[in-house]
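This report concerns only the one structure given below.
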Amino acid sequence: MTHPAQTDLALYTTGDLPLWRSPLVRLHIAGCASCRSWIAAFDSDRESIRRLAAEMPVDVNWDRMAAEMSANVRVGLEAGECVASRVRRPALGTGWRVAAASAGVAVLLVSAWWLNMPRADSVALSRAMQKIAQAGPWRGNGLALDDRGPTVEVSASGIQLQQNGGTLGMSQGQQRPINVTLSVQGSARARYIDTDTGQVTITGVYAQ
Amino acid sequence: MRSRVFLTLFGVAALSYGQASGPASLGGQQNLAHKIDFPHDAPVTLAGDEWGGSAATVRGGAYAIDVRVALSLRNASQRRIRGITLTVLAQEATPGGKGSISVPSLDVAPGEIFSVRGDLHLLRPIGVGVSPMVEVSLDGVLFDDLNFYGPDKLHSRRSMMVWELEARRDRQFFKALLEQAGPDGLQKELLASLARDADRPQFGVQMVRGRATNTDGERDLKFAFLKFPDAPVEPTSGMARIAGNEAREPKLVVHNRSPRSISYLEMGWIVRDSQGREFLAASMPSEMRLPPSSSSQLLQDAALRFDPRTSVESMTGFVSSVEFGDGSMWIPNRAELNDPVLRRVVAPSPEEQRLVQIYRKRGINAVMEELKKF
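First to last, the protein sequences are chains X and S. First residue of the first sequence? That's -3 in the numbering used here, and the numbers climb one at a time after it. First residue of the second sequence? That's 645 in the numbering used here, and the numbers climb one at a time after it.
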């Protein structure tokens, strides 16, 4: 058999149990001698306390006594502060609100910028950050000044211009060249052929 | 409350920015303002132009310009045109702002109309204005008597001369082959050229100029040279600095063994890596003033970067063209180009590729007809 908690029985005794639980406890008490004995004990205790209270002096000013006790507690605490090492509590106040607002603005800014930045610039930025991290000038190795100025690259796909690791564009994007050549003077040529007429067209791009 | 208002205002501002700049960065385009500017005395006149598909797209701080142009030009001169080069200019000083379209191996009679098509990708800073976005002008025209017309700002005379000399050399070779071995012999040679074209390796090479590089583990590597007995210039020594997959600052010493002064030399630079892969890395052009029987050192302030897996093992140089002081030019003959390495890595002339394409499309008889025209 499951009995109600003693706290519930105590509250039932004083009539402080919530209305929806009171009928359940009453129903249980009707059939449980053990719990009835607890109720009787609580009643007896209340009667004893009431009797003791009645013996207190009639002219005691309870409000004044409570104020004095509070004042004494406060004096004790302040005295303790004087002798103990002072621990500064973090100043929250309105600071956290400013920090949270700043963080929100920063997130919004970065998101808006990232979403609107051209992909080539994003790639270039991310490569630049990677290179800074890899080169580690703080390690004292000296920073290799890589990719200073635009570069021109040839591959089987054609000619690419690149800057800071990002691709600026490729000539003849639609067609595959039959030959590409690179000059050390900073230009590149791609050769295309018209499959119908055989006419050869050579496009050149100058990076310098 | 105040911070809530601030955040809301900022959110609206950020979204407005997104609305304003988003379409441009995602491919927003504008009509391509263009200009075609030929001198009044030019040997070609404009008969028509098409710019379909051309567009300018905002990318970062620049316009990325796709130039897709088809021009119909009329030969307004009294001579046959063998080649033409057009300058396509988006911005003179911007890297990638200038391009060219050349058509070699032409045979355009006086009064005839011919077409020049080009598909280029150029760059132009946003602050320069928008009109015209692209300007097409004439850099040069080469005639059948090897005379040249044009401002030659891109040194197109030299390139077109080389292509024309190669075309004459190769047509003569194929004609001789046709006479000696008949259509079957010609067909066999065209098929061999086709096969070499398919097998030719093309590796990615990047060129960087004025670059300070990490010099860890750098070493000097000497060039070997292909000997062309007929060449007016002989490379005597050369080296480059190698670090990992990079080769930089090629240095060459060349000797003029001809009785004529030399004004320009172009050398080919072949690289072989530790895996045995061999490819044409770059060309090394040099302007010079080299008197007869004298030597000169050529230094290029450039670095080539190869595929990360490429470890340069050896390098070979060869003379690919020479210009004499009087403007005439020398190119290697077919026998000199018959070197196994060159046959494997160097592309044939534009004319040989044109003839091979005619063979692929229309057969051996069409090639024979084409050879008879010259």
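Note that the Cβ used here is the ideal one computed from N, Cα and C, for glycine as well.
Beta-ladder partner(s) of residue i, from DSSP
{"i": "S/Gln941", "result": "S/Val897"}
{"i": "S/Thr689", "result": "S/Arg718"}
{"i": "S/Ser881", "result": "S/Val897"}
{"i": "S/Val913", "result": "For the sequence presented, residue 913 of chain S should be read as Trp rather than Val. S/Ala926, S/Gly961."}
{"i": "S/Lys679", "result": "S/Glu779"}
{"i": "S/Glu931", "result": "S/Tyr908"}
{"i": "S/Met973", "result": "S/Glu967"}
{"i": "X/Leu105", "result": "None; X/Leu105 has no bridge partner."}
{"i": "S/Glu694", "result": "S/Ala714"}
{"i": "S/Val956", "result": "S/Asp917"}
Same chain only: Cβ atoms within 6 Å of residue i, ignoring 5 sequence neighbours per side
{"i": "S/His899", "result": "Glu878, Thr880, Ser939"}
{"i": "S/Lys679", "result": "Pro776, Glu779"}
{"i": "S/Leu834", "result": "Val1000, Tyr1003"}
{"i": "X/Arg32", "result": "Ile25"}
{"i": "S/Glu910", "result": "Ser927, Pro929, Ser964, Ser965"}
{"i": "S/Val656", "result": "Confidence is the limiting factor: at S/Val656 the pLDDT is only 48, short of 50, which leaves the residue's position unreliable, though a coordinate-based value still follows. Once the five neighbours on either side are set aside, S/Val656 has no close Cβ partner at all."}
{"i": "S/Leu790", "result": "none"}
{"i": "S/Ala1010", "result": "Ile1002"}
{"i": "S/Gly672", "result": "A caution first: S/Gly672 carries a pLDDT of 42, below 50, which makes its placement in the model unreliable, though a value can still be read off. There are no such residues."}
Cβ-based neighbour list, residue i, same chain, cut-off 8 Å, excluding 5 preceding and 5 following
{"i": "S/Asp864", "result": "Met883, Ala884, Arg885, Ile886"}
{"i": "X/Gly182", "result": "Val148, Tyr202, Ala203, Gln204"}
{"i": "S/Ala668", "result": "Any reading at S/Ala668 is ruled out, since the residue's pLDDT is 34, under 50, leaving its predicted position unreliable."}
{"i": "S/Ser698", "result": "Leu676, His678, Ile709, Asp710, Val711, Arg712, Val713, Val778"}
{"i": "S/Arg904", "result": "Pro876, Pro936, Phe968, Gly969, Asp970"}
{"i": "X/Val176", "result": "Val150, Ser151, Ala152, Gly154, Ile155, Ala184, Arg185, Ala186, Arg187"}
{"i": "S/Glu893", "result": "Ala884, Arg885, Leu943, Gln944, Asp945, Ala946, Ala947"}
Close-in-space but distant-in-sequence residues of the same chain around residue i (CB under 7 Å, 5 per side omitted)
{"i": "S/Asp806", "result": "The sequence given here has Val at residue 806 of chain S, not Asp. Excluding sequence neighbours, S/Val806 sits near Ser965, Met973, Ile975."}
{"i": "S/Glu996", "result": "Asp814, Ser837"}
{"i": "S/Asp983", "result": "Leu870"}
{"i": "S/Lys949", "result": "One point to set straight first is that residue 949 of chain S is Arg, not Lys, in the sequence displayed. Counting only Cβ-Cβ distances below 7 Å, and skipping sequence neighbours, we find Gln850, Val852, Asn889, Glu890."}
{"i": "S/Asp951", "result": "Phe847, Gly848, Asn889"}
{"i": "X/Pro0", "result": "Val21, His24, Cys31"}
{"i": "X/Gln224", "result": "Lying outside -3 to 204, the shown extent of chain X, residue 224 of chain X is not represented and no answer is given."}
{"i": "X/Arg135", "result": "Caution is warranted here: a pLDDT of 44 is assigned to X/Arg135, below 50, making its placement in the model unreliable, and no coordinate value can be reported."}
{"i": "S/Asp788", "result": "Arg723, Arg724, Arg726"}
Within 7 Å, strictly: CB atoms of residue i and residue j
{"i": "S/Thr689", "j": "S/Ala708", "result": "no"}
{"i": "S/Val849", "j": "S/Ala947", "result": "no"}
{"i": "S/Arg712", "j": "S/Ala734", "result": "no"}
{"i": "S/Ile745", "j": "S/Ser716", "result": "no"}
{"i": "S/Pro683", "j": "S/Gln722", "result": "no"}
{"i": "S/Leu896", "j": "S/Leu924", "result": "no"}
{"i": "S/Ser781", "j": "S/Thr731", "result": "yes"}
{"i": "S/Val990", "j": "X/Thr197", "result": "no"}
{"i": "S/Arg978", "j": "S/Phe872", "result": "no"}
{"i": "S/Ala786", "j": "S/Arg726", "result": "It is Leu, not Ala, that sits at residue 786 of chain S in the sequence shown. It is a contact, given that the beta carbons lie within the stated cut-off."}
{"i": "S/Arg916", "j": "S/Glu862", "result": "no"}
{"i": "S/Ser749", "j": "S/Pro994", "result": "yes"}
{"i": "S/Leu764", "j": "S/Gly741", "result": "no"}
{"i": "X/Ala186", "j": "X/Ile155", "result": "yes"}
{"i": "S/Arg998", "j": "X/Gly194", "result": "yes"}
{"i": "X/Thr10", "j": "X/Asp39", "result": "no"}
{"i": "S/Leu809", "j": "S/Leu821", "result": "no"}
{"i": "S/Leu1015", "j": "S/Lys819", "result": "yes"}
{"i": "S/Arg718", "j": "S/Ala691", "result": "yes"}
{"i": "S/Ile1008", "j": "S/Thr960", "result": "no"}
{"i": "X/Leu15", "j": "X/Leu7", "result": "no"}
{"i": "S/Gly912", "j": "S/Phe962", "result": "yes"}
{"i": "X/Thr199", "j": "S/Gly762", "result": "yes"}
{"i": "S/Gly771", "j": "S/Thr729", "result": "no"}
{"i": "S/Glu922", "j": "S/Tyr908", "result": "no"}
Cβ of residue i within 7 Å of any chain B Cβ
{"i": "S/Ile1008", "result": "Of the protein chains in the structure, X and S, none is chain B."}
| request: Name, going along the chain, the residues of the region 966 to 998 of chain S whose beta-carbon falls closer than 7 Å to a beta-carbon of chain X. | output: Ala991, Pro994, Gln997, Arg998
| In chain order, what residues of the region 88 to 105 of chain X put their CB closer than 8 Å to some CB of chain S? | Arg93, Val94, Ala96, Ala97, Gly100, Val101, Leu104, Leu105
| query | Which residues, in order along the region 44 to 70 of chain X, keep a beta-carbon less than 8 Å from a beta-carbon of chain S? | reply | none
| Residues from the region 751 to 785 of chain S in contact with chain X, defined by Cβ distance under 9 Å | Phe758, Ser759, Val760, Arg761, Gly762, Asp763, Leu764, His765, Leu766, Leu767
| Got a sec: which bits of the region 785 to 800 of chain S sit with their beta carbon under 8 Å from any beta carbon on chain X, in order along the chain? | Leu798
| message | For the region 921 to 947 of chain S, list every residue whose C-beta sits within 8 Å of some C-beta in chain X, in sequence order. | response | Leu924, Ala925, Ala926, Ser927, Met928, Pro929, Gln944, Ala946
| task | Compile a chain-ordered list of the residues in the region 731 to 751 of chain S whose CB is closer than 7 Å to at least one CB of chain X. | result | Pro739, Gly740, Lys742, Gly743, Ser744, Ile745, Ser746, Val747, Pro748, Ser749
| Positions along the region 870 to 885 of chain S whose CB lies within less than 7 Å of some CB in chain X | none
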